[in-house]
(Lines of atoms letter the chains of each structure in order from A and count residues from 1; the text may use other names and numbers.)
(Lines give C-alpha, C1' and ligand atoms only; values in the text may rest on other atoms or scores of the structure.)
Protein backbone atom coordinates (compact mmCIF):
# COMPACT_ATOMS: atom_id res chain seq x y z
CA UNK A 1 0.00 0.00 0.00
CA UNK A 2 1.41 3.42 -0.91
CA UNK A 3 2.59 5.49 2.03
CA UNK A 4 0.09 8.33 1.43
CA UNK A 5 -2.91 5.96 1.52
CA UNK A 6 -2.09 4.79 5.08
CA UNK A 7 -1.80 8.38 6.24
CA UNK A 8 -5.19 9.21 4.71
CA UNK A 9 -6.83 6.25 6.45
CA UNK A 10 -5.40 7.28 9.84
CA UNK A 11 -6.53 10.85 9.41
CA UNK A 12 -10.11 9.92 8.46
CA UNK A 13 -10.70 7.38 11.28
CA UNK A 14 -13.45 8.80 13.50
CA UNK A 15 -12.72 9.09 17.25
CA UNK A 16 -14.66 6.75 19.52
CA UNK A 17 -18.06 8.07 20.52
CA UNK A 18 -18.05 9.08 24.18
CA UNK A 19 -21.27 8.82 26.20
CA UNK A 20 -23.01 12.15 26.65
CA UNK A 21 -22.39 13.22 30.27
CA UNK A 22 -25.45 15.48 30.08
CA UNK A 23 -27.86 13.01 28.49
CA UNK A 24 -30.29 13.43 31.38
CA UNK A 25 -29.95 17.22 31.56
CA UNK A 26 -32.97 19.52 31.32
CA UNK A 27 -33.61 22.56 29.22
CA UNK A 28 -35.10 25.34 31.34
CA UNK A 29 -38.49 25.25 29.61
CA UNK A 30 -38.84 21.47 29.97
CA UNK A 31 -37.85 21.60 33.62
CA UNK A 32 -40.45 24.26 34.36
CA UNK A 33 -43.11 22.23 32.53
CA UNK A 34 -42.32 19.01 34.40
CA UNK A 35 -44.39 17.70 37.30
CA UNK A 36 -42.69 16.19 40.35
CA UNK A 37 -44.25 14.46 43.34
CA UNK A 38 -44.21 16.38 46.61
CA UNK A 39 -41.51 15.34 49.08
CA UNK A 40 -42.49 12.60 51.50
CA UNK A 41 -42.54 13.56 55.16
CA UNK A 42 -41.91 11.38 58.17
CA UNK A 43 -42.75 14.32 60.45
CA UNK A 44 -44.20 17.28 58.51
CA UNK A 45 -42.05 20.38 58.84
CA UNK A 46 -39.30 18.48 60.67
CA UNK A 47 -38.24 15.23 58.95
CA UNK A 48 -38.45 15.05 55.17
CA UNK A 49 -37.24 12.24 52.92
CA UNK A 50 -33.45 12.31 52.63
CA UNK A 51 -30.70 12.36 55.25
CA UNK A 52 -31.19 14.41 58.41
CA UNK A 53 -28.51 14.95 61.04
CA UNK A 54 -29.83 15.11 64.60
CA UNK A 55 -26.96 16.57 66.58
CA UNK A 56 -26.60 17.66 70.18
CA UNK A 57 -24.35 17.46 73.23
CA UNK A 58 -24.12 14.25 75.27
CA UNK A 59 -27.08 13.45 77.54
CA UNK A 60 -29.24 16.24 76.09
CA UNK A 61 -31.95 13.75 75.11
CA UNK A 62 -31.22 12.90 71.46
CA UNK A 63 -31.91 9.19 71.96
CA UNK A 64 -35.17 9.88 73.79
CA UNK A 65 -36.20 12.15 70.93
CA UNK A 66 -35.24 9.78 68.10
CA UNK A 67 -36.87 6.75 69.75
CA UNK A 68 -39.95 8.84 70.48
CA UNK A 69 -40.19 9.82 66.82
CA UNK A 70 -39.89 6.17 65.83
CA UNK A 71 -42.66 5.16 68.22
CA UNK A 72 -44.90 7.99 66.99
CA UNK A 73 -44.57 7.06 63.32
CA UNK A 74 -44.82 3.30 63.90
CA UNK A 75 -48.01 3.75 65.92
CA UNK A 76 -49.54 6.60 63.89
CA UNK A 77 -49.43 8.99 66.85
CA UNK A 78 -48.54 12.72 66.79
CA UNK A 79 -44.84 13.56 66.98
CA UNK A 80 -43.82 15.98 69.73
CA UNK A 81 -47.41 15.55 71.01
CA UNK A 82 -48.70 17.91 68.30
CA UNK A 83 -47.60 17.05 64.73
CA UNK A 84 -49.78 14.60 62.81
CA UNK A 85 -47.64 11.82 61.31
CA UNK A 86 -50.40 10.15 59.30
CA UNK A 87 -51.14 6.42 59.28
CA UNK A 88 -48.77 4.07 61.08
CA UNK A 89 -45.75 3.05 58.98
CA UNK A 90 -42.71 0.77 59.43
CA UNK A 91 -39.67 2.24 61.18
CA UNK A 92 -36.15 0.83 61.59
CA UNK A 93 -34.34 2.01 64.72
CA UNK A 94 -30.65 1.08 65.10
CA UNK A 95 -29.81 1.64 68.77
CA UNK A 96 -26.10 0.95 68.42
CA UNK A 97 -25.03 2.23 71.85
CA UNK A 98 -27.72 0.26 73.71
CA UNK A 99 -28.34 -3.27 74.86
CA UNK A 100 -31.71 -4.92 74.34
CA UNK A 101 -32.34 -4.69 78.10
CA UNK A 102 -31.72 -0.93 78.26
CA UNK A 103 -33.77 -0.42 75.12
CA UNK A 104 -36.70 -2.34 76.61
CA UNK A 105 -36.50 -0.27 79.81
CA UNK A 106 -36.46 3.03 77.93
CA UNK A 107 -39.27 2.02 75.59
CA UNK A 108 -41.39 0.71 78.46
CA UNK A 109 -41.05 4.07 80.20
CA UNK A 110 -42.13 5.88 77.04
CA UNK A 111 -45.06 3.58 76.22
CA UNK A 112 -46.60 3.44 79.68
CA UNK A 113 -49.77 1.38 79.28
CA UNK A 114 -49.82 1.74 75.47
CA UNK A 115 -49.13 -1.38 73.36
CA UNK A 116 -45.74 -1.61 71.64
CA UNK A 117 -46.12 -1.04 67.87
CA UNK A 118 -45.26 -4.09 65.78
CA UNK A 119 -44.18 -1.80 62.92
CA UNK A 120 -41.10 -0.64 64.87
CA UNK A 121 -38.05 -2.84 64.23
CA UNK A 122 -35.18 -2.38 66.70
CA UNK A 123 -31.60 -3.62 66.36
CA UNK A 124 -28.54 -3.06 68.52
CA UNK A 125 -25.95 -4.12 65.92
CA UNK A 126 -25.25 -3.16 62.31
CA UNK A 127 -22.08 -3.49 60.20
CA UNK A 128 -20.35 -0.27 59.12
CA UNK A 129 -22.00 1.14 56.01
CA UNK A 130 -18.97 0.54 53.72
CA UNK A 131 -18.69 -3.06 54.98
CA UNK A 132 -22.26 -4.15 54.29
CA UNK A 133 -24.33 -1.98 56.60
CA UNK A 134 -25.84 -0.07 53.69
CA UNK A 135 -26.88 -3.34 52.05
CA UNK A 136 -28.43 -4.58 55.30
CA UNK A 137 -30.53 -1.42 55.67
CA UNK A 138 -31.51 -1.54 51.99
CA UNK A 139 -32.59 -5.16 52.42
CA UNK A 140 -34.88 -4.22 55.32
CA UNK A 141 -36.36 -1.36 53.30
CA UNK A 142 -37.07 -3.67 50.36
CA UNK A 143 -38.98 -5.91 52.76
CA UNK A 144 -40.85 -2.90 54.18
CA UNK A 145 -41.75 -0.75 51.17
CA UNK A 146 -44.12 1.47 53.20
CA UNK A 147 -41.34 2.47 55.64
CA UNK A 148 -40.98 6.19 56.31
CA UNK A 149 -38.11 6.38 58.81
CA UNK A 150 -34.70 4.85 59.57
CA UNK A 151 -32.82 6.05 62.66
CA UNK A 152 -29.10 5.35 63.14
CA UNK A 153 -28.17 6.08 66.76
CA UNK A 154 -25.29 6.89 66.62
CA UNK A 155 -23.83 7.56 63.19
CA UNK A 156 -20.24 7.10 64.38
CA UNK A 157 -20.95 3.40 64.94
CA UNK A 158 -21.64 2.72 61.24
CA UNK A 159 -19.73 5.38 59.32
CA UNK A 160 -16.70 3.09 58.85
CA UNK A 161 -13.62 4.10 56.88
CA UNK A 162 -13.21 4.82 53.21
CA UNK A 163 -10.48 2.93 51.28
CA UNK A 164 -7.36 4.79 50.21
CA UNK A 165 -5.85 8.08 51.30
CA UNK A 166 -8.93 10.29 51.61
CA UNK A 167 -8.93 13.79 53.10
CA UNK A 168 -11.11 14.20 56.20
CA UNK A 169 -13.66 16.48 54.51
CA UNK A 170 -14.04 14.02 51.63
CA UNK A 171 -14.30 11.09 54.05
CA UNK A 172 -17.06 12.85 56.02
CA UNK A 173 -18.92 13.72 52.82
CA UNK A 174 -18.65 10.17 51.48
CA UNK A 175 -19.79 8.67 54.78
CA UNK A 176 -23.00 10.70 54.88
CA UNK A 177 -23.36 10.16 51.14
CA UNK A 178 -23.74 6.41 51.67
CA UNK A 179 -26.73 7.01 53.92
CA UNK A 180 -28.09 9.57 51.46
CA UNK A 181 -28.05 7.08 48.60
CA UNK A 182 -30.24 4.76 50.68
CA UNK A 183 -32.63 7.58 51.58
CA UNK A 184 -32.91 8.83 48.01
CA UNK A 185 -33.35 5.38 46.48
CA UNK A 186 -36.15 4.34 48.83
CA UNK A 187 -37.69 7.79 49.40
CA UNK A 188 -37.43 7.59 53.20
CA UNK A 189 -36.13 9.81 55.97
CA UNK A 190 -32.83 8.57 57.40
CA UNK A 191 -31.87 10.22 60.69
CA UNK A 192 -28.21 10.13 61.72
CA UNK A 193 -27.81 10.86 65.43
CA UNK A 194 -24.55 12.76 65.86
CA UNK A 195 -22.57 14.85 68.34
CA UNK A 196 -21.66 18.54 68.51
CA UNK A 197 -18.41 20.25 69.36
CA UNK A 198 -17.78 21.43 72.91
CA UNK A 199 -17.03 24.96 71.73
CA UNK A 200 -20.03 27.24 71.28
CA UNK A 201 -20.84 29.06 68.03
CA UNK A 202 -23.42 31.64 67.02
CA UNK A 203 -24.20 29.52 63.93
CA UNK A 204 -25.66 26.24 65.15
CA UNK A 205 -24.42 24.47 61.98
CA UNK A 206 -20.85 25.19 63.07
CA UNK A 207 -21.40 23.16 66.23
CA UNK A 208 -21.79 19.86 64.31
CA UNK A 209 -18.82 17.62 65.09
CA UNK A 210 -16.44 16.80 62.24
CA UNK A 211 -15.70 18.79 59.10
CA UNK A 212 -18.26 20.74 57.09
CA UNK A 213 -18.54 17.65 54.89
CA UNK A 214 -20.93 16.03 57.37
CA UNK A 215 -23.46 18.87 57.47
CA UNK A 216 -22.85 19.67 53.79
CA UNK A 217 -23.79 16.19 52.58
CA UNK A 218 -26.97 16.03 54.68
CA UNK A 219 -30.31 17.24 53.34
CA UNK A 220 -31.25 18.75 56.71
CA UNK A 221 -29.62 19.44 60.05
CA UNK A 222 -31.38 19.44 63.41
CA UNK A 223 -29.42 20.65 66.42
CA UNK A 224 -30.89 20.04 69.87
CA UNK A 225 -29.44 22.38 72.47
CA UNK A 226 -30.11 22.67 76.16
CA UNK A 227 -32.90 25.10 76.93
CA UNK A 228 -33.19 28.06 79.24
CA UNK A 229 -35.95 29.44 81.44
CA UNK A 230 -39.27 27.83 80.45
CA UNK A 231 -37.85 25.55 77.73
CA UNK A 232 -35.94 22.31 78.39
CA UNK A 233 -34.52 22.34 74.88
CA UNK A 234 -34.45 24.25 71.61
CA UNK A 235 -34.50 22.41 68.28
CA UNK A 236 -32.82 24.35 65.46
CA UNK A 237 -33.83 23.19 61.96
CA UNK A 238 -32.39 23.98 58.55
CA UNK A 239 -32.31 22.09 55.28
CA UNK A 240 -33.08 21.86 51.59
CA UNK A 241 -36.76 20.93 51.86
CA UNK A 242 -37.53 22.16 55.39
CA UNK A 243 -38.05 25.75 56.43
CA UNK A 244 -35.42 27.12 58.79
CA UNK A 245 -36.97 27.32 62.24
CA UNK A 246 -36.33 27.19 65.98
CA UNK A 247 -38.72 25.28 68.23
CA UNK A 248 -38.84 25.41 72.02
CA UNK A 249 -39.41 22.03 73.64
CA UNK A 250 -40.28 20.66 77.04
CA UNK A 251 -39.02 17.31 78.30
CA UNK A 252 -41.01 15.05 80.60
CA UNK A 253 -38.55 12.90 82.60
CA UNK A 254 -41.37 10.64 83.78
CA UNK A 255 -41.99 9.21 80.30
CA UNK A 256 -39.05 10.52 78.27
CA UNK A 257 -41.24 12.53 75.89
CA UNK A 258 -40.38 15.76 74.11
CA UNK A 259 -43.27 18.19 73.53
CA UNK A 260 -43.14 21.15 71.15
CA UNK A 261 -44.21 24.38 72.85
CA UNK A 262 -46.55 26.85 71.15
CA UNK A 263 -45.28 30.13 69.75
CA UNK A 264 -41.80 31.41 68.87
CA UNK A 265 -38.90 29.73 70.66
CA UNK A 266 -37.68 33.07 72.00
CA UNK A 267 -40.87 33.45 74.05
CA UNK A 268 -39.88 30.40 76.10
CA UNK A 269 -36.12 30.91 76.36
CA UNK A 270 -35.89 34.48 77.67
CA UNK A 271 -36.44 35.66 81.23
CA UNK A 272 -39.68 37.08 82.55
CA UNK A 273 -38.75 40.76 82.11
CA UNK A 274 -37.61 40.21 78.53
CA UNK A 275 -40.76 38.24 77.76
CA UNK A 276 -42.96 41.10 79.02
CA UNK A 277 -41.03 43.62 76.89
CA UNK A 278 -41.25 41.37 73.84
CA UNK A 279 -44.99 40.85 74.19
CA UNK A 280 -45.54 44.60 74.60
CA UNK A 281 -43.50 45.44 71.49
CA UNK A 282 -45.42 42.93 69.39
CA UNK A 283 -48.56 44.95 70.10
CA UNK A 284 -46.89 48.38 70.27
CA UNK A 285 -44.13 48.34 67.68
CA UNK A 286 -41.65 51.22 67.71
CA UNK A 287 -41.95 52.09 71.41
CA UNK A 288 -39.30 53.84 73.49
CA UNK A 289 -38.10 52.41 76.83
CA UNK A 290 -40.16 55.05 78.65
CA UNK A 291 -43.30 54.03 76.77
CA UNK A 292 -42.60 50.35 77.44
CA UNK A 293 -42.15 51.04 81.15
CA UNK A 294 -45.37 53.05 81.30
CA UNK A 295 -47.30 50.38 79.41
CA UNK A 296 -46.02 47.40 81.39
CA UNK A 297 -45.47 48.81 84.86
CA UNK A 298 -41.81 47.75 84.83
CA UNK A 299 -39.09 49.96 86.31
CA UNK A 300 -37.97 52.49 83.69
CA UNK A 301 -34.25 52.06 84.39
CA UNK A 302 -34.54 48.28 84.22
CA UNK A 303 -36.44 48.51 80.93
CA UNK A 304 -33.81 50.79 79.40
CA UNK A 305 -30.95 48.44 80.36
CA UNK A 306 -32.86 45.30 79.36
CA UNK A 307 -33.82 46.70 75.96
CA UNK A 308 -30.18 47.57 75.27
CA UNK A 309 -29.10 44.04 76.22
CA UNK A 310 -31.85 42.49 74.12
CA UNK A 311 -30.72 44.61 71.17
CA UNK A 312 -27.12 43.46 71.65
CA UNK A 313 -28.33 39.85 71.76
CA UNK A 314 -30.29 40.23 68.52
CA UNK A 315 -33.65 39.85 70.29
CA UNK A 316 -34.81 43.38 69.38
CA UNK A 317 -34.03 45.95 66.70
CA UNK A 318 -34.09 49.73 67.09
CA UNK A 319 -33.99 52.83 64.93
CA UNK A 320 -31.90 55.99 65.23
CA UNK A 321 -34.32 57.47 67.77
CA UNK A 322 -34.03 54.44 70.10
CA UNK A 323 -37.49 53.14 69.31
CA UNK A 324 -37.51 49.38 69.68
CA UNK A 325 -39.11 46.70 67.51
CA UNK A 326 -39.79 43.01 68.06
CA UNK A 327 -38.37 40.59 65.46
CA UNK A 328 -40.69 39.43 62.72
CA UNK A 329 -42.37 36.09 63.45
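Residue numbers (our numbering): 23 to 351.
From the three backbone atoms N, C-alpha and C, an ideal C-beta is built for every residue, glycine too.
All figures in this text were calculated on a predicted structure; none of them were measured in a lab.
In the DSSP assignment, residue 273 falls within the unbroken beta strand (DSSP E) covering 267-274. Its Cα nearest to that of residue 144, the residue 89 stands out among 134, 73 and 89. Looking at 334, 282 and 135, the one whose alpha-carbon comes closest to that of residue 296 is 334. Of the other Cβ atoms in all chains shown, fewer than 16 fall within 10 Å of the Cβ of residue 134; this residue is therefore exposed. Taking C-beta separations shorter than 8 Å and ignoring five residues to either side along the sequence, the partners of residue 92 in its chain run 113, 115, 142, 171 and 173, following chain order.
A direct Cα-to-Cα measurement between residue 95 and residue 64 gives close to 7 Å. Between residue 338 and residue 68, the C-beta spacing is not below 9 Å. Residue 88 sits in a helix when the DSSP states are folded into three classes. The alpha carbon of residue 289 has as its nearest neighbour, out of 97, 269 and 235, the alpha carbon of 269.
For residue 200, the enclosing alpha helix (DSSP H) starts and ends at 190-208.
The C-beta distance from residue 300 to residue 282 rounds to 20 Å, too long to meet the 8 Å contact threshold. In the structure shown, residue 249 falls within a coil segment according to DSSP collapsed to helix, strand and coil. When DSSP assignments are scanned along the segment 275-343, the uninterrupted stretches of beta strand (DSSP E) that are 3 or more residues long and fall wholly within it turn out to be 279-282. Secondary structure note for residue 175: its beta strand (DSSP E) is the uninterrupted segment 171-175. In the assembly as shown, residue 156 is a buried residue. Its beta-carbon has 16 or more other beta-carbons within 10 Å.
Judged by their CB atoms, residue 97 and residue 139 are nearer to each other than the 9 Å cut-off.
Taking a cut-off of 8 Å on C-beta distances, the segment 338-350 touches the segment 304-312, as three or more cross pairs fall below it.
In this structure, residue 154 sits away from residue 195, with a CB-CB distance that is not shorter than 9 Å. Secondary structure of residue 151 (DSSP, three-state): helix. The alpha-carbon separation between residue 242 and residue 78 amounts to approximately 14 Å. A direct Cα-Cα distance of roughly 13 Å separates residue 150 from residue 185. Exclusion of the five residues before and after residue 109 leaves 98 as the residues of its chain whose Cβ lies within less than 6 Å of its Cβ. Judged by beta-carbon spacing, residue 102 lies beyond the 9 Å limit of residue 160, meaning their Cβ atoms are not closer than that value. Membership of residue 98 in any beta strand (DSSP E) is not indicated, and neither H nor E is assigned to it by DSSP. Each of 277, 279 and 329 was checked against the Cα of residue 293, and the nearest Cα belongs to 329. Contact annotation: residue 85 and residue 120 have beta-carbon atoms nearer than 9 Å. The beta carbons of residue 253 and residue 287 sit closer together than 9 Å.
In terms of Cα proximity to residue 82, the closest of 105, 278 and 104 is 278. Residue state for residue 141 is assigned as coil, using DSSP reduced to three classes. Cα atoms of residue 316 and residue 323: separation of roughly 12 Å, rounded to the nearest angstrom. With 16 or more other Cβ atoms inside 10 Å of its own Cβ, residue 129 counts as buried. Residue 104 carries a coil assignment under DSSP once its states are collapsed to helix, strand and coil.
Within the model, the alpha-carbon separation for residue 126 versus residue 276 is close to 16 Å.
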